[in-house]
Each structure stands twice: as C-alpha cells, then as structure tokens.
Amino acid sequence: MSLNKIEVQILKSKLWNGYAIDVLRLDMVHPIVSGNKWFKLKFHLQNALEQNKKTMASFGGAYSNHIIALAYACHAEGLKSVGIIRGQKLREMSATLRSAENFGMQLIFVSREDFKHKNKLEQEFDGDYYWINEGGYSTEGMMGASEILSVADTTNYSHIICSCGTGTMIAGLINAALPHQKIIGINALKGHMSLENDIKNLLPKNKQQRNFNISNEYHFGGYAKHTTTLIDWMKELWQQENLPTDIVYTSKLLYAVKDLCNQNTFAKNSRLLIIHSGGLQGNLSLPLNTLPF
Numbered sequence: 020m021s022l023n024k025i026e027v028q029i030l031k032s033k034l035w036n037g038y039a040i041d042v043l044r045l046d047m048v049h050p051i052v053s054g055n056k057w058f059k060l061k062f063h064l065q066n067a068l069e070q071n072k073k074t075m076a077s078f079g080g081a082y083s084n085h086i087i088a089l090a091y092a093c094h095a096e097g098l099k100s101v102g103i104i105r106g107q108k109l110r111e112m113s114a115t116l117r118s119a120e121n122f123g124m125q126l127i128f129v130s131r132e133d134f135k136h137k138n139k140l141e142q143e144f145d146g147d148y149y150w151i152n153e154g155g156y157s158t159e160g161m162m163g164a165s166e167i168l169s170v171a172d173t174t175n176y177s178h179i180i181c182s183c184g185t186g187t188m189i190a191g192l193i194n195a196a197l198p199h200q201k202i203i204g205i206n207a208l209k210g211h212m213s214l215e216n217d218i219k220n221l222l223p224k225n226k227q228q229r230n231f232n233i234s235n236e237y238h239f240g241g242y243a244k245h246t247t248t249l250i251d252w253m254k255e256l257w258q259q260e261n262l263p264t265d266i267v268y269t270s271k272l273l274y275a276v277k278d279l280c281n282q283n284t285f286a287k288n289s290r291l292l293i294i295h296s297g298g299l300q301g302n303l304s305l306p307l308n309t310l311p312f
C-alpha cells in the first residue's frame, strides 16, 4: 500500500494565545487508511499475512474510521474483511459503512446488547479469521502507534496532545515519549471513565506511571455528536490555519487546545505538538456544503 509523506504544520494565527503549536498531519499518510489508523493496523496486517489468514474481522459503529481503514487495507492486500457493526442496519447507511462495503467488506449488524459480548460473537463465526478488537485496541495497535513520534523530529516538544477513543494511540505515544514530555488526551467519548485504565493496560509495566492525563470536558455531547459551535469552529480553523478537521475527533481536540491555551494552562515557553489523527471521511455524514473543505 502506497503511503504519503507526513508533514508538520505550524499554527500561525492568533487563536492560540501566543503559544508555539505545531500539528503532526497524520491525515496526510493516506486518504482512507488515514492518520493513526495505518499505525494501529500495520502490525495486524503483517501478522495476518504471515499467518496466511484469508480474512480479517473487527468491530465498530456506523462512523468507525477503523472499519473503513480495515476494509481498504484488506482490499489493497488481497484479503477479505468482515465488519461486525453495532446496532441494526438503517435504511440509509452512513457514508463510512457504504464505503467499507464498496471496498468488499462484509457487514454484519448486531444489536447493541450483543455487541457488548465480542468474545461470544467471535466464537459464533466459522472460519479462520484474524480478529482485531474495536478501534484496533491491542498491544499490536499500541506498538504501531509508538512509531508515530518517529515520523518527524518531535524531541523538542514539551507537550503532545491527541484525541482519544479506545486509548490505543495515546498508549503508543506514552510508550514512545521522552521523559520530559507530557502527554494529554482529549476524550471523544462521553462517560468513558475507564479510559485511563484501558491505556495503562496496554503499556509495559515500566511505562504505566508515565506523565499523562485525560480531559473529559470536550466531547460536545458524546461520540460523533456535534453542535453549531463545533461546526463554526471547524470553519474558523480552515479559514485561519487552512487546517481540515473532522466532527468526531480532531475538531474537538483543537477546540480543547484553544481553550486550554486561553486558560494559560501551559507555561509560556511550552512547545505543543497536536497529533492530527485523520478521519476526515467522518465529515461525509454532514449535509452537503456544511463545511468549506
């Protein structure tokens, strides 16, 4: 699978209260296996191919970046894919699921209650599948995410800030960060209070006490929920910084960073690195022309 160069974008507008902030544009790595998805999937793909698996299977919701990334990656590598989707099939499927299906993924819809029992669901399927947890949550996903900070020179940043879903990416960042760097995660899920423990469970024991913290204040109502304030913010980011964001993760991440900067949360000599985790395809669920990018 062909990958593109990842760039570091300097934020230059007056939105950030004078702080030095850069964005690691992981969204550039691939238009579909975008952002952190490639890093979280790469070792799973290697394992599946080495084990001569013919089909990869995973779990997700109607707007899952992980599901569409897996569908495309399997298509590119000549593998079959299966997606176990939370909730009943709607008459009008999300753009995410339509695209996953177009890449050859077999979509199987299960009730929200059944979805909670993923181990049982795995056992119900015949076939020699390579299974991946929802969102790529796994040691393999964490180790892949550990490579994110090596795609550019990130040694001089005091803070590394990212959005969080399952906690896989931030666990990789914590694992790879230097001792002087503080990692901040912006939780995209409402009421996901187990996130900190989920992160620690992926980390080697000697890294579980590393310097990180989670903010639960910027979910805008919950996963994939958005308000007119958030849409206006996405438009402003595009106008001021030429930076595209998505409604699920990165727009809320950048809003949180702006808010923290305006609260003078960081020392003035801090250097902040924001991880753009991709997922711009999530905006396809919005009405046409909602956003200028």
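Heads up: the sequence shown begins at 20 in my numbering, then just goes up one per residue.
For every residue, glycine included, the Cβ atom is placed at its ideal position computed from N, Cα and C.
Note that the coordinates shown come from a computational prediction; the quantities given were computed from them, not determined experimentally.
8 Å Cβ cutoff met for residue i and residue j
i: Ala114; j: Ile86; result: no
i: Ile25; j: Val170; result: yes
i: Leu313; j: Leu192; result: Because residue 313 is not part of the residues shown, which for the chain are 20 to 312, the question remains open.
i: Ala196; j: Ile189; result: no
i: Leu45; j: Ser296; result: yes
i: Leu22; j: Trp57; result: yes
i: Trp257; j: Pro306; result: no
i: His199; j: Leu291; result: no
i: Gly298; j: Asn84; result: yes
i: Leu60; j: Ile180; result: no
i: Thr309; j: Ile233; result: no
i: Ile29; j: Asp41; result: yes
Host alpha helix (DSSP H) of residue i (start-end)
i: Ala88; result: Asn84 to Glu96
i: Phe128; result: Unbroken run through Phe128 is the beta strand (DSSP E), Gln125 to Val129; no alpha helix (DSSP H).
i: Tyr274; result: Thr269 to Asn281
i: Phe62; result: Asn55 to Glu69
i: Gly191; result: Thr187 to Ala195
i: Gly160; result: Thr158 to Ala164
i: Leu249; result: Thr247 to Glu260
Three-state secondary structure (DSSP) of residue i
i: His178; result: strand
i: Asn225; result: helix
i: Ala114; result: helix
i: Asn308; result: coil
i: Asp265; result: coil
i: Asn216; result: helix
i: Leu140; result: helix
i: Ile294; result: strand
i: Ile29; result: strand
Residue i: first and last residue of the uninterrupted beta strand (DSSP E) it sits in
i: Lys99; result: Lys99 to Arg105
i: Asn232; result: Phe231 to Ser234
i: Lys287; result: First-last for Lys287: undefined, no H or E at that position.
i: Asn206; result: Lys201 to Asn206
i: Met75; result: Thr74 to Gly79
i: Asp41; result: Ala39 to Arg44
i: Tyr148; result: Tyr148 to Trp150
Residue i at chain B interface by Cβ criterion, 8 Å
i: His199; result: Of the protein chains in the structure, only one exists, and it is not chain B.
Notebook entry, point to check: If we count Cβ pairs, one from each stretch, closer than 8 Å, do we get three or more for the region 144 to 155 versus the region 59 to 73?
Noted result: Short answer: they touch.
Check: Three or more C-beta pairs closer than 8 Å, one from the region 207 to 225 and one from the region 178 to 187: is that the case here?
Finding: A contact exists between the region 207 to 225 and the region 178 to 187.
Notebook entry, point to check: How about the region 78 to 85 and the region 100 to 116: do they share at least three Cβ pairs that are nearer than 8 Å?
Noted result: yes
Notebook entry, point to check: Are there three or more Cβ pairs, one per stretch, closer than 8 Å when the region 244 to 252 is compared with the region 153 to 164?
Noted result: no
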